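J.: Let me begin by handing over the structure; questions about it come next.
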Amino acid sequence: MRKFNIRKVLDGLTAVSAVASASSAAQQQQAGNRETEIQETLQSEHFQLCKTVRHGFPYQPSALAFDPVQKILAIGTQTGALRLFGRPGVECYCQHDSGAAVIQLQFLINEGALVSALADDTLHLWNLRQKRPAILHSLKFNRERITFCHLPFQSKWLYVGTERGNIHIVNVESFTLSGYVIMWNKAIELSSKSHPGPVVHISDNPMDEGKLLIGFESGTVVLWDLKSKKADYRYTHDEAIHSVAWHHEGKQFICSHSDGTLTIWNVKSPTKPFQTITPHGKQLKDGKKPEPCKPILKVEYKTTRAGEPFIILSGGLSYDTVGRRPCLTVMHGKSTAVLEMDYSIVDFLTLCETPYPNDFQEPYAVVVLLEKDLVLIDLAQNGYPIFENPYPLTIHESPVTCCEYFADCPVDLIPALYSVGARQKRQGYSKKEWPISGGNWGLITQSYPEIIITGHADGSIKFWDASAITLQVLYKLKTAKVFEKSRNKDDRPNTDIVDEDPYAIQIISWCPESRMLCIAGVSAHVIIYRFSKQEVTTEVIPMLEVRLLYEINDIETPDGEQVPPVPTPGTGSNPQSIVPQSHPSTSSSSSDGLRDNVPCLKVKNSPLKQSPGYQIELVIQLVWVSGEPPQQITSLAINSAYGLVVFGNCNGIAMVDYLQKTVLLNLGTIELYGSNDPYRREPRSPRKTRQPSGAGLCDINEGTVVPEDRCKSPTSDVKDNSFSRSRSSSVTSIDKESREAISALHFCETFTRKADTSPSPCLWVGTTLGTVLVIVLNLPPGGEQRLLQPVIVSPSGTILRLKGAILRMAFLDTTGSLVPPAHEPWREHNVPEDKDEKEKAKKRRPVSVSPSSSQEISENQYAVICSEKQAKVISLPSQNCIYKQNITETSFVLRGDIVSLSNSICLACFCANGHIMTFSLPSLRPLLDVYYLPLTNMRIARTFCFTNNGQALYLVSPTEIQRLTYSQETCENLQEMLGELFTPVETPEAPNRGFFKGLFGGGAQSLDREELFGESASGKASRSLAQHIPGPGGIEGVKGAASGVVGELARARLALDERGQKLGELEEKTAAMLYSADSFSKHAHEMMLKYKDKKWYQF
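To convert, take the position in the sequence shown, counting from 1, and add 1; that gives the working numbering.
If you want it as structure tokens, here you go:
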């Protein structure tokens, strides 16, 4: 056998030189065993690490924008993230490097570009014409703080309002400041002695681009004439302003105020408001003013051709509505609808048929961005129903406590889960299509099915279709419905071991082939589910209570009798220390007042109607023992072929036959060793105190350094993100060695002892002290005999040792292929079997699909064992360690998975120091070692998982899943798979002015902004005011953005020629547009020449 001597793997690089040397392990092999050289195909060039997609609701959203022509929605967050949404399946995630909060977003409508304003007073121009949007330009304000931005439709001049009350103007093409500035002291009354406050609103009059409406926080509104550089009108109000909106005809505007009022102003009557409305104020008698209400944070004023305008607002509720949920109010004519939201409103936008502000707006929907949700309201239907949201934004409906990822599942699984999940959908949604419909899907280059399962704090489990970098919820299972719920806190049983979320999911074990599902919850409960397409009513829920003890003797029961001894495994009878019951035990306390023999949760004793989908097969609960609460479960495994489930904690291990509903094994961890215990431990009695809430294991808060002598394996703490590392809640009272938790379990068909000549069913058990023990399973024949004869289990005496807690085990056959655990194919259990099926069932015997079970006796298997510190490959049956790799000395492995990639297999590890590593199998050659991310919080540790075909994921925030790939092939194909945000769409025609309006000058007045704001007219801006920073988007992007308008104008000209509408007025406009287009293309050409000969680092 060959052993590889590895040189140091450079950080971020994967090139490794392997030097063959004689293996001392190989020399120890028994002469009779033949070890064959396995050809390994995976090389370091097969691996590359990159993020693929991010799913879920944007965490801590702060800004919202919509492009009404491209139909793309943008959401900014408090951490500087940018999420873009198009049609279902088209999503994009970008990040501002500074991490500063996004305060405002503005689309360059139909230009494939977006401006973001950040809390660090920077402006950024994003190019959305590429699959991965990039920043083209940035502008950093040095002396003033940005408070509000406004970009008029089809303009290249962005108005930027500041905290000092000034307005600066930015050219969005060159991202430079104009010399034109509106100073606050020029805008307000000269006689005014106080500062008007920050700018909270800027907009141009829809009918006259030369008039700019400026709202100051203090309550002053100014209509500024851009050409004459002076204020036309000033409107003053006592209450602070939060937002302003125009009527499309430009003769009226509406303001929302901090006292819950709306004021409507006629433009030419600045002395007092035309109308004052308090939407939620109680109208008092005697004509007194209504009582003040909460601030109206935003108002929108949208007109319709056929009827009354819509006034839509957020906030403004009266102060006496304590505890009332946040509301969006829609006022239409005489009707006022108050729409309650589940979370507080961050922002909202009204979606309208036209992008032109001087036309009837025709609103059709409202997008409401909530703190933890995105809601779309249909304004066209009575009752304002909401649209069914097609994006996967409900990952966080209840906090995620664990997740598992399965790539390359059986092809019939997703349709089966979808069909049962379709029945769970809510009714009453809008009948219309989802209105955010921009972008195009990418090419699907991955054809295999992928499923993500998330476990949640409320005991729910969600199955997601994750195929081809999309995400869609398939089915939701509520595990808590099997338990009695306490109506209030006083009614809660005193047996709880956690104060909050007693049903939270900790571990999920799923067999995709047989569809058997098993979960372990935080209240030391295990539930086994079987998949069925039929609805059933279960009269009595099958239940077992397990008394998993730590000590064997020296404890007297309250009535003086000795605890019944744990029977020798292998008898097949039920140990007496277990209380199999179909209903919860009633003996809640023993004679001396200690809680004894009671589970933490109470199972319902009424019939349970179970819908198609996952249905309860068996509920198993650990019980209190002499005042000691049951310890939380640290590992779990189910095997459908054997009909067994096994679980362990820091007290020991229990195995249950879920077909016969009996407990087969119930041993303390020390007893598993028998006389081979290397630690010579004496069992002691458990601590008598109540376990603290949460996971109750050694808690390490986010960001703390983990000392080496602390206990090792991560499990979840459901209450917060603290990192609990399993051994037991009793670490303080019992020395480190004595509490050894079960950390890994693996059913397989392999060689259990050195002398074995053929593989047999067994269970491999890994502990937190790095020990691997093997338990032999003696299964009765299949069919009816399986239900009548007992399963016999017995420790084999085989003990293997590694450094650090055992995380994962797997088995390879003699060719180096993975041997999956034996499984049964899924069949419908709620339909009576015919005779042929019964005959088949009699003959059916659990067999592994392993090729090695039918091979010659002399041929061997390999056990792959990964711990927190190292990995070993052990030859079976000889039990010689043929390969060993110390994965990390200074850190520890959080997750290790044996996965398939490119028709081969490898070991993938994620370390607490942020490194992702892969190793070949069986030789454990390092293939990849990349520093990916530091372990900044325990959410990542709890949810990180690898799966087949180079896929991995983790929960990057409480609401979002980040997927990544470590496959070179997927990285190369990613660009094709990503959707496109920008699609060429013709801008709608501008509203027709009409004959009389054209004759008497009543139409919209245009403005030559270039003439006003250009350098020739306004001079240069102060250099110290803002600093221009070129973005990484590159010169190609600059040219693309600059020529975008040119292309639009050229298309508009072509369309006019074809239609033959060569009217004089349009002809003049087109000529002006062409001249503008020529100047733009000239500008683009000059820029190209300027940058042509420069190197990339000179930009």
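We treat Cβ as the ideally placed atom computed from N, Cα and C, and that holds for glycine.
All figures in this text were calculated on a predicted structure; none of them were measured in a lab.
Which value, in whole angstroms, describes the spacing of the CA atoms of Ser204 and Ile962?
T.: Their Cα atoms are separated by approximately 38 Å.
J.: Which residues in the same chain as Gln871 place their Cβ atom closer than 8 Å to its Cβ, once the five residues preceding and following it in sequence are excluded?
T.: Result list for Gln871: Leu803, Lys804, Gly805, Lys885, Gln886, Asn887 and Ile888, in chain order.
J.: Quick one: is Glu308 buried, meaning 16 or more other Cβ sit within 10 Å of its Cβ, or exposed?
T.: The sequence given here has Gly at residue 308, not Glu. It is exposed - the Cβ of Gly308 has fewer than 16 other Cβ atoms within 10 Å.
J.: Rounded to whole angstroms, what's the CA-CA distance from Lys426 to Val339? Just pull it up for me.
T.: So the two alpha carbons sit approximately 25 Å from each other.
J.: Going by the DSSP bridge assignment, what does Ala423 pair with across the sheet?
T.: Per DSSP, none; premise fails for Ala423.
J.: Under 8 Å by Cβ, that's how I've got Ile452 and Ala467 pegged, so tell me the actual separation to the nearest angstrom.
T.: 6 Å between Cβ atoms; contact.
J.: Once DSSP output is grouped into helix, strand and coil, what is the label at Pro935?
T.: Pro935: coil per DSSP, three-state reduction.
J.: Strictly by DSSP, which residues pair up with Lys610?
T.: According to DSSP, Lys610 bridges with Thr538.
J.: Go ahead and pull the three-state DSSP assignment for Pro559.
T.: Only weak support exists for where Pro559 lies, its pLDDT of 36 falling under 50; the value from the coordinates is given anyway. Coil at Pro559, not helix or strand.
J.: Note down the Cα distance separating Ser336 from Leu380, rounded to an integer number of angstroms.
T.: Roughly 13 Å separates the two Cα atoms.
J.: Compute the distance between the beta-carbons of Val820 and Gln880, then report whether it is under 8 Å.
T.: No, the pair does not count as a contact, with Cβ atoms beyond the cut-off.
J.: Are there three or more Cβ pairs, one per stretch, closer than 8 Å when the stretch 610 to 618 is compared with the stretch 780 to 800?
T.: No: fewer than three Cβ pairs fall under 8 Å.
J.: Count the other CB atoms, across all protein chains shown, that sit within 10 Å of the CB of Leu126; report buried if there are 16 or more and exposed otherwise.
T.: Leu126 is buried by the Cβ-count criterion.
J.: By Cβ distance below 7 Å, which residues in the same chain neighbour Arg809 in space, the five residues on each side in sequence not counted?
T.: Around Arg809: Ala745, Cys867, Gly897, Asp898 and Ile899.
J.: Relative to the alpha-carbon of Phe1, which residue among Tyr392, Leu778 and Cys749 has its alpha-carbon at the smallest distance?
T.: As displayed, the chain neither begins before 2 nor continues past 1100, which places residue 1 out of reach and without an answer.
J.: Got a sec? Which residues, its chain only, sit under 8 Å from Gln582 by beta carbon, not counting five neighbours each side?
T.: The predicted position of Gln582 is uncertain, since its pLDDT is 42 and thus under 50; a value taken from the coordinates is nonetheless stated next. Excluding residues within five positions, the ones whose Cβ falls inside 8 Å are Met544, Leu545 and Glu546.
J.: Indicate whether at least one CB of chain B lies closer than 8 Å to the CB of Thr305.
T.: The structure shown has no chain B; it contains just one protein chain.
J.: So, for Gly653: in the same chain, excluding its five sequence neighbours on each side, which residues have a beta-carbon less than 6 Å away from its beta-carbon?
T.: Counting only Cβ-Cβ distances below 6 Å, and skipping sequence neighbours, we find Leu549, Leu668, Gly669 and Thr670.
J.: What does the Cβ neighbour count give for Pro585, buried or exposed, with the cut at 16 atoms within 10 Å?
T.: Low confidence applies to Pro585: its pLDDT is 43, below 50, so where it sits in the model is not reliable, and the reading given next is rough at best. Counting Cβ neighbours within 10 Å, Pro585 comes out buried, since at least 16 surround it.
J.: Please report the Cβ distance between Gly522 and Gly460, rounded to the nearest whole angstrom; I am assuming they are in contact, meaning their Cβ atoms lie under 8 Å.
T.: Yes, they are in contact, since the Cβ atoms of Gly522 and Gly460 sit about 7 Å apart, within 8 Å.
J.: Thinking C-alpha only, which one of Met939, Tyr357 and Lys477 is nearest Asp1?
T.: Since the first residue shown for the chain is 2 and the last is 1100, residue 1 is missing from the structure and cannot be characterised.
J.: Determine the burial state of Leu45: buried for a count of at least 16 other Cβ atoms within 10 Å of its Cβ, exposed for fewer.
T.: Sequence check: residue 45 is Ser here, not Leu. Answer is buried; the Cβ neighbour count reaches 16.
J.: How many whole angstroms separate the CB atoms of Ser1 and Leu106, which I take to be in contact at a CB cut-off of 8 Å?
T.: An answer regarding residue 1 cannot be provided, because it is not within the stretch 2 to 1100 covered by the chain.
J.: Please state the DSSP three-state secondary structure of Leu922.
T.: Coil, per DSSP.
J.: Contact defined as beta carbons within less than 8 Å: I believe Gln824 pairs with Arg531. What is the distance between those atoms, to the nearest angstrom?
T.: Correcting the residue type first, residue 824 is His in the shown sequence and not Gln. The Cβ separation is near 14 Å, so there is no contact.
J.: Ile506 to Leu895, Cα distance in whole Å?
T.: Between Ile506 and Leu895, the C-alpha separation is close to 19 Å.
J.: With H, G and I counted as helix, E and B as strand and the rest as coil, what does DSSP make of Asn974?
T.: Asn974: helix per DSSP, three-state reduction.
J.: Please give me, in chain order, every unbroken run of the beta strand (DSSP E) with length at least 3 that falls completely inside the stretch 318 to 363.
T.: DSSP runs (the beta strand (DSSP E)) wholly in the stretch 318 to 363: 328 to 333, 336 to 341 and 346 to 353.
J.: So, helix, strand or coil for Trp185, using DSSP?
T.: Three-state DSSP puts Trp185 in a helix.
J.: Look at Ile396 and Thr455 and say whether their C-beta atoms are less than 8 Å apart.
T.: Against a cut-off of 8 Å, the Cβ pair of Thr455 and Ile396 comes out as a contact.
J.: Are three or more beta carbon pairs between the stretch 76 to 88 and the stretch 964 to 977 nearer than 8 Å?
T.: Flag = no, the stretch 76 to 88 and the stretch 964 to 977 do not touch.
J.: In angstroms, rounded to a whole number, what distance separates the CA positions of Phe67 and Leu922?
T.: Cα to Cα, the separation comes out at about 50 Å.
J.: By Cβ distance, which residues of its chain are closer than 7 Å to Leu318, with the 5 residues on each side in sequence left out?
T.: His281, Cys294, Lys295, Arg325 and Cys328.
J.: Would a C-beta distance cut-off of 8 Å place Gly166 and Val200 closer than the cut-off?
T.: Cβ atoms of Gly166 and Val200: closer than 8 Å.
J.: Just the Cα atoms here: how many angstroms apart are Ser876 and Thr815?
T.: Near 10 Å, if we compare the C-alpha coordinates of Thr815 and Ser876.
J.: Under a Cβ-count criterion, where at least 16 other Cβ atoms within 10 Å of its own Cβ denotes burial, should Val766 be classed as buried or exposed?
T.: The residue in question, Val766, is buried, as its Cβ has 16 or more Cβ neighbours within 10 Å.
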